Amino acid sequence: MMVKGPILIAAAAGLLATTATAQVPGTQSVLGATGTAAGLAQDILSTVEPGSRVALRPLRGTTSNLTSGVARDLYEAVLDGLFEASGGAHTILTRERLNQVYETCEEFFTCGDYAARLEAARAEVEVQCAASPGVERVRLFCSAVDIETTVTVGRGSGDFPLASLAPAQDWAQAMAGIAAELNAAVALPGSLGRAHIIDQTTGTHTDFAALLTNKLRFELGRRMTLRQGDLVDAAQARRQLGYEDEPLPVFPGYVLNGVIWPAGESRVTLTVDLNHDGRTLALASVDIARDSIPAQFRESASPNGLVSASAQAVPSDRLDRQSAIRAATNLARARLIAQALGTQGPAVGMIATEADATQALGGALSLGMPYDEVLEVLEPAEADGRISVHLTGRVAPVGRNSGPDIRAALSRSIYETGDAIALTISSDRAARIGIFAWGADNRVVRVYPVDGIAAPELMAGDAVTLPAAAEDRQIQSAPLELADIDNPEDHEMLILVAADRTLAFETLAPPLGADAQETAARATDGSGFFQALAAHDLSAVTILALPYQIRE
Numbered sequence: 001m002m003v004k005g006p007i008l009i010a011a012a013a014g015l016l017a018t019t020a021t022a023q024v025p026g027t028q029s030v031l032g033a034t035g036t037a038a039g040l041a042q043d044i045l046s047t048v049e050p051g052s053r054v055a056l057r058p059l060r061g062t063t064s065n066l067t068s069g070v071a072r073d074l075y076e077a078v079l080d081g082l083f084e085a086s087g088g089a090h091t092i093l094t095r096e097r098l099n100q101v102y103e104t105c106e107e108f109f110t111c112g113d114y115a116a117r118l119e120a121a122r123a124e125v126e127v128q129c130a131a132s133p134g135v136e137r138v139r140l141f142c143s144a145v146d147i148e149t150t151v152t153v154g155r156g157s158g159d160f161p162l163a164s165l166a167p168a169q170d171w172a173q174a175m176a177g178i179a180a181e182l183n184a185a186v187a188l189p190g191s192l193g194r195a196h197i198i199d200q201t202t203g204t205h206t207d208f209a210a211l212l213t214n215k216l217r218f219e220l221g222r223r224m225t226l227r228q229g230d231l232v233d234a235a236q237a238r239r240q241l242g243y244e245d246e247p248l249p250v251f252p253g254y255v256l257n258g259v260i261w262p263a264g265e266s267r268v269t270l271t272v273d274l275n276h277d278g279r280t281l282a283l284a285s286v287d288i289a290r291d292s293i294p295a296q297f298r299e300s301a302s303p304n305g306l307v308s309a310s311a312q313a314v315p316s317d318r319l320d321r322q323s324a325i326r327a328a329t330n331l332a333r334a335r336l337i338a339q340a341l342g343t344q345g346p347a348v349g350m351i352a353t354e355a356d357a358t359q360a361l362g363g364a365l366s367l368g369m370p371y372d373e374v375l376e377v378l379e380p381a382e383a384d385g386r387i388s389v390h391l392t393g394r395v396a397p398v399g400r401n402s403g404p405d406i407r408a409a410l411s412r413s414i415y416e417t418g419d420a421i422a423l424t425i426s427s428d429r430a431a432r433i434g435i436f437a438w439g440a441d442n443r444v445v446r447v448y449p450v451d452g453i454a455a456p457e458l459m460a461g462d463a464v465t466l467p468a469a470a471e472d473r474q475i476q477s478a479p480l481e482l483a484d485i486d487n488p489e490d491h492e493m494l495i496l497v498a499a500d501r502t503l504a505f506e507t508l509a510p511p512l513g514a515d516a517q518e519t520a521a522r523a524t525d526g527s528g529f530f531q532a533l534a535a536h537d538l539s540a541v542t543i544l545a546l547p548y549q550i551r552e
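Below, the structure written as structure tokens:
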């Protein structure tokens, strides 16, 4: 499948490849320094086979959560980074003339004539990115997917600073401004059918989201109705002048999607897109001043209070129903933690692969531990069979009183069945560390301590590599065997818990077994592991998750 040889500059079947970064005339970069792109691209390509033809998916719509200016600059920065990181080892392709393919597809692998698109693109690996916009920077999460096998072959993330920060607006003025922007961006005024804005922290259509939706629907509808009247009047005037065959205009129906992002103590960010027949026609974004929001819509959550969150996943050839439920549950857990602690939710909007959910949950666990979970799974109601989950629970804050600053890294980010999994850990001060394995089935076993092998204990400045040579053992994994679909890859993580001697790691989860069958039989459910951890004082505890991919 792979094409061997040096980097190519190719243009075929409407596909353009280029090494240059072209600034759009009359525009100014909205990003600050973009040196992050080189490191992100290096991480992505480090596990992509040399000689592969690599395409970067355009950043657009609510799938990227970015406005057109930021999306444009990020795309160009990451593309340049891929060229630089490749060093001639890969063929880097852009999709400039295939943008409409992406505009009509929510998921590239499951829409339209896949074989024809693959042949036209002549790409073997596609880089897909999702963004989490912040106050002064944008965090980008990217994965490289083998188009033929749909296996994830590389991952990377990075923070990109913004060049400037626009002033936050009154919420009502902000909706009027976005409506004017969207109205001006479409050639024909139309009617607004479905309009749906969600809070990214909870994944739900909150009362505040409903307030923004209703106001935006009114402002956009008013402007489009005026334009429609002008066009109808013009057509009728031409008829009166003798052009009896002059047709009356036909107005399209539009769909509006939006996401509310927390952006610090003083503002929230709203990103919206306007779509017709599956194509994104206009994007807009605005910062809303929190103090302008009516008091009854300023939602808050206590760290120990009951909170809830929702998430959705789309089953596919890459994600069976049970995996979709588990992945959606993990995204809901990450949103639950963000809501309870007032932090920004994960960048993932809809789960298409379990990799996204593992990354989202892993990042959230360093901040809080969900417990008292009550999960409701809603059967598919949408035509695409998407599964929704609703999770209610509480969150115990982690590390509020400054736990040890531990740093850890796996020997690789991608392992194959039978590979030895190893990691290196260091700490800024004395720390005792329990290590637990979170499987793709959302079940947990204890890796350290186990019988005869103590929990790692580090002094300030120490660094250890595990498993140690004296242990005379290897840590291995393999993808789950699923009855319904072929499962070439899974996404798991090691969870490190750094604490003092009063936390009995042995009470949190059972030890791993001598083989996969014994480990599966012993493993405890993830919610039970969280419940056991939350029963302890976690204020001086540090939790660090290390996600990785395991494939055949």
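So the sequence shown is residues 1 to 552, counted in this note's numbering.
Beta carbons: idealized from backbone N, C-alpha and C, even for Gly.
This one's a predicted model, so the numbers in the text were calculated from it and none came from an experiment.
Taking the Cα positions, residue 431 is about 49 Å away from residue 213. When the five nearest sequence neighbours on each side are left out, the beta carbons in the same chain lying within less than 6 Å of the beta carbon of residue 37 are those of 77, 78 and 81, in order along the chain. As DSSP reads the structure, residue 436 sits in a beta bridge with 446 and 495.
Residues of the same chain with a CB within less than 7 Å of the CB of residue 40, apart from the 5 flanking positions on each side, are 78, 81, 140, 142, 156, 157 and 158 in chain order. Under the three-pair Cβ rule at 8 Å, the region 164-181 does not count as touching the region 142-154.
Assigned with DSSP and collapsed to three states, residue 182 falls in helix.
Rounded to the nearest whole angstrom, the C-alpha separation of residue 54 and residue 128 is 11 Å.
Beta-carbon to beta-carbon, residue 441 and residue 511 are separated by about 17 Å, too far to satisfy the 8 Å threshold.
Looking at 508, 533 and 219, the one whose alpha-carbon comes closest to that of residue 523 is 508. Taken through DSSP and simplified to helix, strand or coil, residue 239 comes out as helix.
Residue 357 is classed as buried because its beta carbon has at least 16 other beta carbons within 10 Å across all chains shown. For residue 504, there is no enclosing beta strand (DSSP E), as DSSP marks it with neither H nor E.
The beta carbon of residue 147 sits closer than 7 Å to the beta carbons of 118, 123, 124, 125 and 126 from its chain, once the five residues preceding and following it are set aside; these are given in chain order. Contact between residue 369 and residue 251 does not hold, since their C-beta atoms are separated by about 52 Å, which reaches or exceeds 8 Å. Comparing C-alpha distances from residue 263 to each of 168, 333 and 225 shows the shortest one belongs to 168. Within the region 241-280, the complete beta strand (DSSP E) segments at least 3 residues long are 253-262 and 267-276, listed from N- to C-terminus. DSSP places residue 40 in the helix class (H, G or I) of the three-state scheme.
The secondary-structure analysis by DSSP pairs residue 287 across a beta bridge with 269. The C-alpha of residue 332 is placed about 27 Å away from the C-alpha of residue 216. Taking the C-beta atoms as reference points, residue 178 is found nearer than 8 Å to residue 272.
For residue 144, the enclosing beta strand (DSSP E) begins and ends at 137-146. Burial is judged here by how many other beta carbons sit within 10 angstroms of a residue's own beta carbon; residue 404 has at least 16 and is buried. Of the candidates 256, 246, 206 and 46, the residue whose Cα lies closest to the Cα of residue 220 is 256.
Using a Cβ distance threshold of 8 Å, residue 447 and residue 435 count as a contacting pair. When the Cα atoms are used, residue 229 and residue 170 turn out to be separated by approximately 30 Å. Annotated three-state conformation of residue 222 is helix, per DSSP. Rounded to the nearest whole angstrom, the CA to CA distance from residue 86 to residue 92 is 8 Å. Residue 418 is positioned such that its CB atom lies closer than 8 Å to that of residue 476. At least 8 Å separates the beta-carbon of residue 186 from that of residue 45.
Membership of residue 391 in the beta strand (DSSP E) is indicated by the continuous run 387-397. By the Cβ neighbour-count rule, residue 314 is buried, with 16 or more other Cβ atoms within 10 Å of its own. Membership of residue 545 in the beta strand (DSSP E) is indicated by the continuous run 542-551. Residue 551 holds the alpha-carbon nearest to the alpha-carbon of residue 421 among 551, 253 and 237. Cβ-Cβ distances below 6 Å link residue 378 to 388 in the same chain, with the five nearest sequence neighbours on each side left out; the list follows chain order. The beta carbons of residue 472 and residue 480 sit about 28 Å from each other, so the pair does not count as a contact at 8 Å. Rounded to the nearest whole angstrom, the C-alpha separation of residue 286 and residue 182 is 12 Å.
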